[in-house]
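Q: What follows is a structure written as structure tokens; I'll ask about it next.
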Amino acid sequence: MKLVIHDLPPQAWDSIKNKYDNCTVVFDKGTIHPCTGCFSCWNRTPGQCVIHDGYENMGKLIHDAEEVIVISRYTWGGFSSFVKGVFDRSLGYVLPQFELVNGESHHRKRYEEDKPFSFVFYGPRFTEEEKVHARRYVEAVCTNIRGTVKETVFHECSGKTVMVGRTYTPPGKTVLLQASMRNRNSARLAQKLAAKLETETETVALREYLNDLPALIRRLWDASTIVLCTPLYVDGLPSLLIRLLECFAAEYHGAGKRIYILANMGLYESRQLVNLFSTVEQWCRAMDFTYCGGLGISAGELIGELMKFLPFHSGTIKEIAGGMDELAEAIDHSEIIGEIHREPYRFPRALYILIANTNWNRTAKKNGIRPRDLYRRL
Ligand SMILES: Cc1cc2nc3c(=O)[nH]c(=O)nc-3n(C[C@H](O)[C@H](O)[C@H](O)COP(=O)(O)O)c2cc1C
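Residue numbering for the sequence shown follows the numbering used here, beginning at 1082 and increasing consecutively.
What follows is the structure in structure tokens.
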């Protein structure tokens, strides 16, 4: 049996559904909750999500399928917020432990299989550049969740194009938007950045607007600069942040803004943030906002912990602090900085992987889970 994950409106689905007879279908019921980043699918109920909204069994559904077909509106280089939400909630399909895959750190497989994934992107029209972005993105997703890309196709269909704002950037406040559902690494990094900025700054937590994104957009209306302080989720932005960008595109008709990124991720190589940066860049282009680049930090869980007790400009985190200085200066002077990538200073990747893998076992034990049950297959 094949598994179809799609975000099509009911009428569009009805017109093609006979092609997918006998498939298991995951569609937008309007109930999906964004991943909260609690990692319970790894260390409390291994393989399964603890949010019971009808999307808690994605890991098993993927495992049970002979092939996964993903149909998504092309959304700035990747998936729509709904499809991305499904992928974020599929984290339990892989194990928490890291290993090297083609010279990069990735998660180990929970199931010994090479699941084929087919992707169908639809949208009003596709440039060659957009196709390159989408292909690169699904390759990264499949490498990360340890499947394989069978094919990627593009389907042009009529649809609304994004509203374009004016290019003038008004003087206004700087908002640091903390985009994680957790109050942890992105929040700590945002706090450090706020302390460095001379510009008047406000920090806003996206999760507080979970059920009222339009209210958040109104709050961001008169910001001239927005800094997206976000974790990397399945090689892209977390689904709730994509949903905010979608709402922005649908609702905002104002002037241009400057957009910066302060991103962090769990794996070791900061180059894996490439698709996240490029989604924000494409969104800025569509909105006529100025994409200013930003800072991408790897090994975020380690950095987040060390930041609690190490002076910021010392030891393993000093490179991060240097990058943060550059970012703060660029924001204060309204400059474009490109994309700065930073990794822990003089901290070998093998040691990072060893510590991370040991920690997962330790956390499971604390939660009353035997380490061997972390590997359970559903
Ligand atoms: C659903 C989910 C998906 C993730 N995907 C990735 C990923 O693709 N690559 C990566 O390096 N880290 C990934 N991470 C790890 C987070 O980026 C990392 O833990 C980060 O420090 C979390 O930041 P926060 O504390 O602000 O939420 C993922 C975490 C979650 C919960």
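For glycine and all other residues, C-beta sits at the position ideal for the given N, C-alpha and C. Bear in mind that the values here come from a model prediction, so they are computed numbers and not experimental data.
Kindly indicate which three-state DSSP category Leu1326 falls into: helix, strand or coil?
A: To locate residue 1326, count along the sequence shown from 1; it is residue 245. Helix.
Q: Report the three-state DSSP secondary structure of Ile1143 (helix, strand or coil).
A: Within the sequence shown, residue 1143 is the residue found at index 62, counting from 1. Ile1143 falls in the helix class under three-state DSSP.
Q: For the alpha helix (DSSP H) that contains Glu1237, what are its first and last residues?
A: Counting from one through the sequence shown, the residue named residue 1237 turns up at place 156. It is not in any alpha helix (DSSP H) - Glu1237 instead sits in the beta strand (DSSP E) that spans 1229-1237.
Q: Below 8 Å, how does it come out for the stretch 1301-1314 and the stretch 1431-1439: are there three or more Cβ pairs, yes or no?
A: These segments do not touch.
Q: Opposite Val1085 in the DSSP bridges: which residues?
A: Within the sequence shown, residue 1085 is the residue found at index 4, counting from 1. In the DSSP output, where bridge partners are listed per residue, Val1085 has Val1106, Ile1150.
Q: Determine the extent of the beta strand (DSSP E) in which Pro1090 is found, giving its start and end residues.
A: Along the sequence shown, read from residue 1 onward, the residue named residue 1090 stands at position 9. No beta strand (DSSP E) contains Pro1090, which DSSP labels as neither H nor E.
Q: Rank Glu1185, Gly1317, Leu1270 by C-alpha distance to the C-alpha of Asp1169 and give the top, closest one.
A: Taking the sequence shown and counting its residues from 1, one reaches residue 1169 at position 88. The shortest Cα separation from Asp1169 among Glu1185, Gly1317, Leu1270 belongs to Gly1317.
Q: In chain order, what residues of the same chain lie with their CB nearer than 8 Å to the CB of Arg1453, ignoring the 5 residues before and after it?
A: Looking up residue 1453 in the sequence shown gives position 372. Within the same chain, Arg1453 has no close Cβ partners at all.
Q: With three or more beta-carbon pairs closer than 8 Å as the criterion, would you say the stretch 1193-1207 touches the stretch 1216-1236?
A: Yes, the stretch 1193-1207 is in contact with the stretch 1216-1236.
Q: Have a look at the DSSP bridge pairing and note the partners of Gly1317.
A: Taking the sequence shown and counting its residues from 1, one reaches residue 1317 at position 236. In the DSSP output, where bridge partners are listed per residue, Gly1317 has Tyr1314.
Q: Under 8 Å, Cβ to Cβ, is there at least one residue of chain C near Trp1441?
A: Structure shown: chain C not included; a single protein chain is present.
Q: Give me the residue from Arg1227, Tyr1155, Glu1210, Asp1413 with the minimum Cα distance to His1188.
A: Within the sequence shown, residue 1188 is the residue found at index 107, counting from 1. The option with the nearest alpha carbon to His1188 is Arg1227.
Q: What I want to know is whether the C-beta of Asp1413 ends up closer than 7 Å to one or more non-hydrogen atoms of ligand 1.
A: The residue given as residue 1413 occupies position 332 in the sequence shown. Asp1413 Cβ: outside cutoff for every heavy atom of ligand 1.
Q: Can you confirm whether the stretch 1268-1280 touches the stretch 1395-1414 when touching is taken to mean that 3 or more C-beta pairs between the two stretches lie within less than 8 Å?
A: Yes: at least three Cβ pairs fall under 8 Å.
Q: Does ligand 1 have a heavy atom nearer than 7 Å to the CB of Val1315?
A: By 1-based counting over the sequence shown, the position of residue 1315 is 234. Checking every heavy atom of ligand 1 against the Cβ of Val1315, one is found closer than 7 Å.
Q: Where do the N-terminal and C-terminal ends of the beta strand (DSSP E) with Asn1345 fall, by residue?
A: Walking along the sequence shown from the start, residue 1345 turns up at place 264. Start and end: 1339-1345.
Q: Pro1197 bridges to which residues according to DSSP?
A: Indexing the sequence shown from 1 puts residue 1197 at position 116. For Pro1197, which the question treats as bridged, DSSP gives the partners Thr1229.
Q: Between Ser1379 and Ser1351, what straight-line distance do the alpha-carbon atoms span, to the nearest angstrom?
A: Translated into the one-based positions of the sequence shown, residue 1379 becomes position 298. Translated into the one-based positions of the sequence shown, residue 1351 becomes position 270. Roughly 5 Å between the two C-alpha positions.
Q: Taking 8 Å as the threshold (C-beta atoms), are Lys1190 and Arg1172 in contact?
A: If you number the sequence shown from 1, residue 1172 lands on position 91. If you number the sequence shown from 1, residue 1190 lands on position 109. For the sequence presented, residue 1172 should be read as Leu rather than Arg. In this structure, Lys1190 does not lie closer than 8 Å to Leu1172 by Cβ.
Q: Rounded to whole angstroms, how far is the Cβ of Pro1205 from the Cβ of Ser1239, which I believe are closer than 8 Å?
A: Here residue 1205 refers to the residue found at position 124 of the sequence shown. Here residue 1239 refers to the residue found at position 158 of the sequence shown. 7 Å between Cβ atoms; contact.
Q: Glu1420 bridges to which residues according to DSSP?
A: The residue given as residue 1420 occupies position 339 in the sequence shown. The partner list for Glu1420 (beta bridge, DSSP) reads Gly1375.
Q: Please report the straight-line C-alpha distance between Tyr1341 and Asn1099, rounded to a whole angstrom.
A: The residue you call residue 1341 lines up with position 260 of the sequence shown. The residue you call residue 1099 lines up with position 18 of the sequence shown. Cα to Cα, the separation comes out at about 44 Å.
Q: For Glu1112, I'd like the list of residues in its chain whose CB is within less than 7 Å of its CB, leaving aside the five on either flank, ordered along the chain.
A: Against the sequence shown, residue 1112 aligns to sequence position 31. Checking the displayed sequence, the identity of residue 1112 turns out to be Thr instead of Glu. Correct list, in chain order: Asp1134, Gly1135.
Q: How about Asp1267 and Pro1295: do their beta carbons lie closer than 8 Å?
A: For the purposes of this step, residue 1267 is identified with residue 186 of the sequence shown, where counting begins at 1. For the purposes of this step, residue 1295 is identified with residue 214 of the sequence shown, where counting begins at 1. The sequence as given places Ser at residue 1267; Asp does not occur at that position. No, they are not a contact pair.
Q: Quick one: using the 10 Å Cβ neighbour count with 16 as the cut-off for buried, is Ile1143 buried or exposed?
A: If you number the sequence shown from 1, residue 1143 lands on position 62. Ile1143 comes out buried.
Q: Around the C-beta of Thr1248, are 16 or more other C-beta atoms found within 10 angstroms, so that it is buried, or is it exposed?
A: Counting from 1 along the sequence shown, the entry for residue 1248 is found at position 167. In this prediction, Thr1248 scores a pLDDT of 45, lower than 50, which makes its location untrustworthy; no coordinate-derived value is stated.
Q: Does the distance from the C-beta atom of Ala1367 to that of Leu1357 stay below 8 Å?
A: Start at 1 with the first residue of the sequence shown, and residue 1367 comes out as number 286. Start at 1 with the first residue of the sequence shown, and residue 1357 comes out as number 276. Contact: no.
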